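Numbering (my numbering), first residue to last: -11 to 288. One structure below.
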Ligand SMILES: [Zn+2]
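Right, here's the structure in full:
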């Protein structure tokens, strides 16, 4: 199992060999939310974020491996990538370790209560406030089909849009680095979500990349928004008007949390996806800036 302390160790190792690492901000319980930067600061960038849902911690290892792969192989990159492998570090620790690591007894007690008086947090998705971070963003907030309006292990939208420290950190970081495109890793189902109300050119553009992602990974495209609201992808599409994708890794037949014995094929299907998608987006961006037209495409 890949945990927050493992991530910190990996981040320290990357720093030691000269890779730029840092923090996008602090979690509800004051833990740093690390990022890894790969590429050239002068070039346009992409954000890859994972493990915003606690029990989907296998995706943190995926994003870290993607970053390490680029560091090790130094392939041709037309842009740069910020990896945020664990957007919800408190949640991941709660899911994997329970509540004993939390110093404040009141918070421990409240979390156990929110978890139905159970000490088994292995299916926990939320942050330390019982808010589901991926329905807390300011994009049709509170209107999602699965939304709930009380603290829970999943699906609670929070008291207001962007109420949570982790949401705010990701929003501020995204506004600061201005990505051309983002990927959010979740599990499970081997599907790609890309739609959140885009029309005309943006719909055509974003679906075009989505089809290329589906082809590259072998995953299935989801038609429509599937009742989604308040997600990071939704916010990127609605407020920043950039292409933004949620990729659900792992077969639907597997249980949560996804067993690490199934990590290898997930890694192989996704290892080089961020770079390929980014290269395509940058290439198109340059072509359009020069007055050209876009045609059919593959990812490299
Ligand atoms: Zn998820």
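The beta carbon of each residue, even a glycine, is placed where N, CA and C say it ideally should be. All values derive from a computational prediction rather than experimental measurement.
query: Proximity test, residue 289 beta-carbon vs ligand 1 heavy atom, cut-off 8 Å; result: The requested residue 289 is not part of the displayed model; the chain covers only -11 to 288.
query: Beta carbon of residue 40 nearer than 9 Å to that of residue 55; result: no
query: Cβ separation of residue 144 and residue 180, assumed to be a contact under 8 Å, to the nearest whole Å; result: With a Cβ gap of about 26 Å, residue 144 and residue 180 do not count as contacting.
query: Buried versus exposed call for residue 152 [16 or more other C-beta atoms within 10 Å across all chains shown]; result: buried
query: Cross-strand partners of residue 285 (DSSP beta bridge); result: Paired residues: none, contrary to the question.
query: Distance between beta carbons of residue 78 and residue 16, contact taken as under 8 Å; result: 6 Å
query: Beta carbon of residue 123 nearer than 9 Å to that of residue 115; result: no
query: Distance cut-off 8 Å: residue 178 Cβ against heavy atoms of ligand 1; result: no
query: Euclidean distance between Cα positions of residue 128 and residue 254; result: 31 Å
query: Residue 223 classed as buried or exposed, judged by whether at least 16 other C-beta atoms fall within 10 angstroms; result: buried
query: Any 3 or more C-beta pairs closer than 8 Å across the stretch 88 to 95 and the stretch 48 to 64; result: no
query: Exposure label - residue 192; buried when at least 16 CB within 10 Å; result: exposed
query: Extent of the continuous alpha helix (DSSP H) to which residue 191 belongs; result: 188 to 205
query: Contact belief for residue 287 with residue 204 at Cβ below 8 Å, rounded distance in angstroms; result: 5 Å
query: Residue ranges of each beta strand (DSSP E) within the stretch 99 to 179, 3 or longer; result: 169 to 174
query: Closest residue to residue 161 among -9, 7, -3 and 34 (Cα-Cα distance); result: 34
query: Proximity winner among 213, 80, 142 and 139, relative to residue -6 (alpha-carbon distances); result: 80
query: Test item: CB-CB of residue 174 and residue 252 under 9 Å; result: no
query: DSSP state of residue 54 mapped onto helix, strand, coil; result: helix
query: Residue 45 CB to nearest heavy atom of ligand 1 below 8 Å; result: no
query: Cβ separation of residue 42 and residue 73, assumed to be a contact under 8 Å, to the nearest whole Å; result: Rounded, the Cβ-Cβ distance is 13 Å, inconsistent with contact.
query: Heavy atom of ligand 2 within 8 Å of residue 113 beta-carbon; result: The model on display carries ligand 1 but not ligand 2.
query: Inside the stretch 208 to 235 only - alpha helix (DSSP H) runs reaching at least 4 residues; result: 220 to 223
query: Buried/exposed call for residue 82, threshold 16 Cβ in 10 Å; result: buried
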